[in-house]
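Have a look at the structure below before the remarks.
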Amino acid sequence: MTYKPEAVRKAYDEIAEKEDKFEKEFSLRNQVPREFIKKYLKPSDNVLDAGGGSGINAIMMARGCKRVTLVDISPKILELAATNIQEAGLTEKINIMEGNIADLGQFREAEFSFVVCVGGTLSYLLEKGQQTIQELVRVAKRGATLIIGCDSKFGFVRWLFNQSDAENQLESAIEVYDTNEYQAAEGVFARLYTVNELTRLLEDAGCEIIEIASTPTLVDSWEQSSYPKEKQRKLLDLELKFCCLPELLGMGHHLFCIARKM
Ligand SMILES: C[S@@+](CC[C@H](N)C(=O)[O-])C[C@H]1O[C@@H](n2cnc3c(N)ncnc32)[C@H](O)[C@@H]1O
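The opening residue of the sequence shown carries number 873 in my numbering; numbering runs sequentially from there.
Below, the structure written as C-alpha cells:
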C-alpha cells in the first residue's frame, strides 16, 4: 500500500480521546520505552518527540531536560496534548507543532540532542519509513541519542494467534508475513519490521546501535490497564530484565532501538 497521510490524520483525529486514555494508562508498551528514555535523557537535552501523541512522554521528558518539541500529524491529538501540557504546568518547556515527520524541513540540521519516535508512529509511514529515519537522523546532532520504535513483524503475528479466534488468524498471519503490513484503520496501513530491518535503516542513516528492545515479551496482550496497581512496578521490572535478551528480540508487539548518531 502507499502511504496516505490524510487517512492517518483522520484516523487519529477520530480516536484521539482513546489514544490519550491509552497513553495515560499502565501498559508495558508505554512504560518500557519510557524507562529507556529516562535512562538516556540528560538535563541539557533539547528533545524532538516525533509523532508524540497527546504529550505524556513529552511531559515526562520536559521534567528532566531543557526543552521538548512535539510534532504530530493529528490536530485533535495536539489539542489534547496542549491540555495535558497546560495541566502539567509545562507550556514554557514544550513546543507543540502540527507536521508530518516524513519531512522535518521546519528544523535545521543537528537541531536536537535527543530524538524520540516511539509507539508505532514510524510504522504508519509505510514506504516513507527510510526517508523518515533519514529525517530524524538529519535533525539530530552528532553524538545525539535516538530512540526509534516500530511495530514488530513477529510480535504482531504472535499477537494475532493470541486472539480469541486464533484458528481463523492463520490466513491473516500468512498475509502479514508476505506483505509486511496490516490494516490498522480505514485506508490506514502499518509496516511491520524485523529487528534486522529496523537496525539496518538506522545504520544506513549514520547511526550506531546501542541497545535493542521489544515489548511486551512476558504477556500476550499489549494492554495491561487492569493489572493490579500494586504489582505493576514488579511486572515492569521483570519485563525490563527480558526485553533486551537477543533470543527474545522482535517478540514483543513494539520494537525499538536506542541509537547514536555518528
Ligand atoms: C500510537 S501513537 C504514539 C504516541 C506516542 N509517541 C506514544 O508513544 O505514546 C502514534 C502517533 O503518531 C502520530 N502520527 C502518525 N503518523 C504521523 C506522521 N507522519 N507525522 C507525525 N505524527 C504522526 C499519530 O497522530 C499519533 O498521535
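Where is the CB? At the ideal position from N, CA and C, for every residue including glycine.
Check                                                                               : Outcome
Assumed close pair I945, P877 - CB separation to whole angstroms, cut-off 8 Å       : 6 Å
Under 9 Å between C-beta atoms of E1111 and T1089                                   : yes
E895 beta carbon near ligand 1 (any heavy atom closer than 8 Å)                     : yes
Buried/exposed call for T963, threshold 16 Cβ in 10 Å                               : exposed
Alpha carbon of P947 to alpha carbon of T955, nearest angstrom                      : 13 Å
Residues bridged to S899 [DSSP beta-bridge criterion]                               : For S899, which the question treats as bridged, DSSP gives no partner whatsoever.
Beta-carbon separation (whole angstroms), A1131 vs L1074, contact threshold 8 Å     : 5 Å
Residue span of the beta strand (DSSP E) that contains D921, given as start and end : N918 to A922
Coil, strand or helix - A969 by DSSP                                                : Looking at the sequence shown, residue 969 is not Ala but Met. Residue state, collapsed to three classes: strand.
First and last residue of the uninterrupted beta strand (DSSP E) at A953            : Counting along the chain, A953 falls outside any beta strand (DSSP E), though it belongs to the alpha helix (DSSP H) covering P947 to E959.
Extent of the continuous alpha helix (DSSP H) run through L1107                     : K1101 to F1114
D1037 vs H1125 beta-carbon contact at 9 Å                                           : no
Span separating the alpha-carbon of I1084 from that of V1011                        : 22 Å
G1001, DSSP secondary structure in three states                                     : helix
Continuous beta strand (DSSP E) stretch holding F1026: start and end                : Looking at the DSSP string, F1026 is not in any beta strand (DSSP E); the run it does join, the alpha helix (DSSP H), is K1025 to L1032.
Reference F1061; option with closest CA among P1100, S995 and W1031                 : S995
As assigned by DSSP and simplified to three states, the class of A1057              : strand
Closest by C-alpha distance to R881, when choosing among F986, I928 and I973        : I973
Buried or exposed (CB count within 10 angstroms, at least 16 for buried), P915      : exposed
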